[in-house]
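Protein chains in written order, with this note's numbering: chain A, 16 to 292; chain B, 291 to 625; chain C, 29 to 342.
Just so you know, even glycine gets a beta-carbon here, dropped at the ideal spot from N, CA and C.
Pasting the structure below:
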């Protein structure tokens with residue numbers, strides 16, 4: 016853990032990114048405390064008002080407080096981001112391990128399946144799954160998770176193949192260590208480190224995709240305080256009430272930039288030769 | 291053997307190269323006459339390759355600072371503007387790198403790369419350049435040269451790649467060829483071939499050569515003169531027979547005894563290792579490992595003096611004029 | 029050549045699996061197509077009759093084969109909404125639009141990104157480098173739909189430099205078409221420019237450290253040629269690799285941009301189809317993008333061989 020920290024802290028950009036992401040995580044976690052209003056509380060008399068003392072970032076067309084919605088939006092974005100990546104990671108891990116360890120026909124079949132999933136651009140896959148599963152926060156998470164399984168499975172499998180071939184695994188086997196133990200204690204830790212870096216990079220993609228889907232109207236359902244959704248809602252009022260789309264958009268952009276910096280920094284710290292998967 | 295008509299081909303006078311706070315090359319003084327071959331000997335980090343790179347001008351301000359003088363065929367290289375230096379590189383001074391595989395552009399054919407200096411320095415048109423390229427490749431012993439022109443570097447073996455490198459370096463018939471560990475990356479059997487090839491080409495054209503080496507045996511076979519570097523300082527220089535046959539400087543003596551004879555019974559390593567740049571002593575850099583060091587060695591740097599038939603920089607070696615008459619030309623500079 | 033053949037067969041296999049997935053996806057979609065076509069009132073006999081007509085009473089595998097057969101012949105069904113041939117809609121109308129948008133953006137991105145990356149690498153550590161690197165990170169992370177909205181507001185509404193709506197096909201009227209494509213293309217290009225600049229910069233730095241660059245300089249070649257010819261030629265490979273890897277990102281950006289600017293390309297077609305529950309169109313769009321994606325990846329793969337002589341025939 017300490018060497019991890021040392022490696023990361025050397026990257027100035029990564030630290031900057033970490034600071035930004037940290038702020039958003041705090042926003043997300045403490046949203047209920049920080050938000051002066053309920054994000055879905057409508058006050059139609061106060062609709063479309065600019066930033067003021069009572070509403071720091073103004074109100075939208077339903078009279079909802081933009082500031083509160085922005086805070087809860089952070090919660091939603093990070094929540095969906097982490098959840099979908101975690102699920103995708105799990106799926107990819109299972110498939111990748113099975114493929115890498117079992118080899119032969121199983122590996123071939125699984126990898127062709129993964130190739131098929133990877134044949135679809137992520138966004139198309141996500142849209143397709145939302146079309147089938149329906150809309151809503153949880154559906155979005157599943158749809159994104161499925162589209163992430165492919166890349167993760169590939170990475171896990173190639174890592175497994177690489178680690179499997181290393182002498183110390185052979186040595187462990189020769190010493191009579193039971194296979195399960197080898198997998199858990201020796202194989203997994205080596206595979207996980209590069210996987211974590213990839214997962215970190217994917218979180219920003221996840222957030223971008225989910226806000227994009229919501230923006231199109233095929234992601235989360237209103238009145239859920241999703242940044243993409245709010246930007247879409249505010250779009251019609253861009254000239255007379257630019258704060259509705261403006262502030263959540265800035266928040267989204269900042270979080271994505273922070274995540275990108277952090278992700279790049281992590282990648283440079285652990286594997287400077289890779290140009291991203 | 292020829293002596294320079296109007297002076298030596300290459301003359302370094304107190305040439306110093308500083309990188310940051312450290313002097314990687316410390317007041318090196320030596321000369322090279324045309325037609326002679328010089329071996330730069332020393333262990334890793336001695337500054338041999340640095341000197342080679344500085345000579346061809348690939349190591350220059352602002353990355354490093356240069357002091358002193360380096361005169362090549364009458365032109366002062368220290369402070370020479372880049373445009374003029376470029377006219378020398380690949381034209382009057384040629385450089386053969388150690389790792390030929392890494393020194394050839396993988397995306398261009400062998401022919402394209404040989405023709406580059408031909409077109410640039412000699413102004414040859416495509417037809418003439420191709421003809422000359424074939425001539426060069428054949429000269430360095432590459433069979434079927436015409437079809438080889440269209441080959442990419444990775445399609446050739448290590449030995450062939452090095453031959454290509456040599457032909458590129460010799461393309462414009464340079465007056466000085468620098469070979470920086472040119473055979474160290476090759477198999478032993480090929481090493482001998484390549485070395486012989488370089489020597490043959492150099493002798494045939496009457497040009498001079500500087501061989502950067504760490505192998506004493508090879509140096510003694512191939513070089514007319516030897517200059518021994520230790521941690522950036524020149525410690526001994528002179529004809530190969532003198533320097534290697536009867537070395538006077540403790541370092542050279544130590545180097546020679548390190549060479550393992552086929553019938554020797556034990557190894558005679560030199561104790562210790564080269565001090566890091568931060569810990570370099572003020573006087574003679576070798577004093578920390580020298581078995582005969584006296585207190586003066588670590589404080590004052592010994593000057594380069596003539597001792598019999600070579601030049602040495604050591605407090606323990608007295609100045610002795612050349613005993614032999616001037617009929618045997620000595621290609622060593624005076625302090 | 030054998031290598032390429034194997035690759036092609038594998039690709040076909042993958043496409044086959046893709047088609048299976050796409051077919052079953054449609055099957056899984058909520059809603060009963062028979063009911064949708066019949067409307068609100070119908071008799072069981074009418075239902076059964078239409079079901080038989082549509083071939084929906086056959087076993088699933090047979091349905092799939094029929095569908096596949098129709099698909100490869102270009103019969104993709106009829107859209108409920110537009111009452112138009114889906115194939116015509118997708119391939120002949122939407123696809124070219126998306127292609128022109130993507131191509132224009134890519135060209136812009138290359139024209140701006142490569143020089144930027146070059147400058148950043150050559151002046152590494154100085155302010156030029158910092159500026160290019162920061163802007164590139166900004167560009168590659170910024171959400172395209174939000175950027176689109178901002179650009180529409182600033183350049184379309186406030187400054188009036190570009191049209192904010194309406195689309196003209198470049199093949200109908202080249203300059204007017206280009207004018208309307210301008211803002212969306214710029215939006216999309218921002219993302220890609222950042223990526224290209226970063227890749228060019230890091231690849232160039234790495235290449236310039238290679239021994240053969242010193243060897244080229246040792247021959248007396250001027251820096252212009254060393255960097256412009258030798259170094260850049262070696263940078264092409266990693267650059268194409270990244271462009272190929274990021275095609276998914278390009279498409280994602282294209283979809284978002286199309287929706288924001290109401291450009292009638294594939295992205296807009298698919299998203300509207302999902303909203304109006306036009307699963308036939310969604311399926312067609314999905315298959316088409318997958319096909320295209322696979323094809324482009326194949327082309328990119330082949331380009332590697334061309335760019336790096338070491339990868340060519342043994």
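Measure from the C-beta of residue i to each C-beta in chain B and report whether the shortest distance is under 9 Å.
i, result
"residue 234 (chain C)", "no"
"residue 336 (chain C)", "yes"
"residue 238 (chain C)", "yes"
"residue 242 (chain C)", "yes"
"residue 258 (chain C)", "yes"
"residue 246 (chain C)", "yes"
Tell me, please, whether the CB atom of residue i is closer than 9 Å to any CB atom in chain C?
i, result
"residue 617 (chain B)", "Caution is warranted here: a pLDDT of 44 is assigned to residue 617 (chain B), below 50, making its placement in the model unreliable, and the coordinate value is therefore given only provisionally. Not an interface residue."
"residue 401 (chain B)", "no"
"residue 495 (chain B)", "no"
"residue 385 (chain B)", "yes"
"residue 346 (chain B)", "yes"
"residue 130 (chain A)", "yes"
"residue 392 (chain B)", "yes"
"residue 350 (chain B)", "no"
"residue 43 (chain A)", "no"
"residue 206 (chain A)", "no"
"residue 300 (chain B)", "no"
"residue 236 (chain A)", "no"
"residue 227 (chain A)", "yes"
"residue 110 (chain A)", "no"
"residue 292 (chain A)", "At residue 292 (chain A), the pLDDT of 31 sits below 50, so the modelled position is not reliable; the number obtained from the coordinates is stated separately. Yes, because at least one Cβ of chain C sits closer than 9 Å to the Cβ of residue 292 (chain A)."
Name, in chain order, the residues that DSSP records as bridge partners for residue i.
i, result
"residue 330 (chain B)", "B:502 and B:517"
"residue 384 (chain B)", "B:467"
"residue 667 (chain B)", "Because chain B here runs from 291 to 625, residue 667 (chain B) falls outside it and cannot be looked at."
"residue 300 (chain B)", "B:322 and B:362"
"residue 20 (chain C)", "As displayed, chain C neither begins before 29 nor continues past 342, which places residue 20 (chain C) out of reach and without an answer."
"residue 528 (chain B)", "B:516"
"residue 313 (chain B)", "B:308"
"residue 203 (chain A)", "Paired residue(s): none; residue 203 (chain A) is not in a bridge."
Using a Cβ-Cβ cut-off of 9 Å, state whether residue i counts as contacting chain A.
i, result
"residue 212 (chain C)", "no"
"residue 181 (chain C)", "yes"
"residue 317 (chain C)", "yes"
"residue 32 (chain C)", "no"
"residue 342 (chain C)", "Confidence at residue 342 (chain C) is low in this model, with a pLDDT of 45, below 50, so the placement of that residue should be treated as unreliable; the coordinate-derived value is given next. Residue 342 (chain C) does not count as touching chain A."
"residue 38 (chain C)", "yes"
"residue 252 (chain C)", "no"
"residue 145 (chain C)", "no"
Any idea if residue i is buried or exposed, counting beta-carbon neighbours within 10 angstroms, 16 or more meaning buried?
i, result
"residue 240 (chain A)", "buried"
"residue 589 (chain B)", "exposed"
"residue 479 (chain B)", "exposed"
"residue 119 (chain A)", "exposed"
"residue 338 (chain B)", "buried"
"residue 258 (chain A)", "buried"
"residue 312 (chain B)", "exposed"
"residue 539 (chain B)", "buried"
"residue 291 (chain B)", "Here the model assigns residue 291 (chain B) a pLDDT of 35, short of 50, so the residue's position is not dependable and the matter cannot be decided."
"residue 580 (chain B)", "buried"
"residue 258 (chain C)", "buried"
"residue 548 (chain B)", "exposed"
"residue 416 (chain B)", "exposed"
For residue i and residue j, which I take to be in contact (beta-carbon distance under 8 Å), what is that distance rounded to the nearest angstrom?
i, j, result
"residue 159 (chain A)", "residue 225 (chain A)", "6 Å"
"residue 94 (chain C)", "residue 83 (chain C)", "6 Å"
"residue 130 (chain C)", "residue 278 (chain C)", "6 Å"
"residue 178 (chain A)", "residue 202 (chain A)", "6 Å"
* Count the C-beta pairs between the region 437-451 of chain B and the region 271-290 of chain C that are closer than 8 Å, then say yes if the count reaches three, no if not. => Touching, no.
* Count the C-beta pairs between the region 366-383 of chain B and the region 269-277 of chain C that are closer than 8 Å, then say yes if the count reaches three, no if not. => no
* Asked: Quick check: the region 485-492 of chain B against the region 393-410 of chain B, are there 3 or more CB pairs under 8 Å?
  -> no
* Counting Cβ pairs, one atom from each stretch, are 3 or more of them under 8 Å apart for the region 122-133 of chain A and the region 213-222 of chain A? -> no
* Asked: Is the number of C-beta pairs between the region 345-352 of chain B and the region 241-258 of chain C that are closer than 8 Å three or more?
  -> yes
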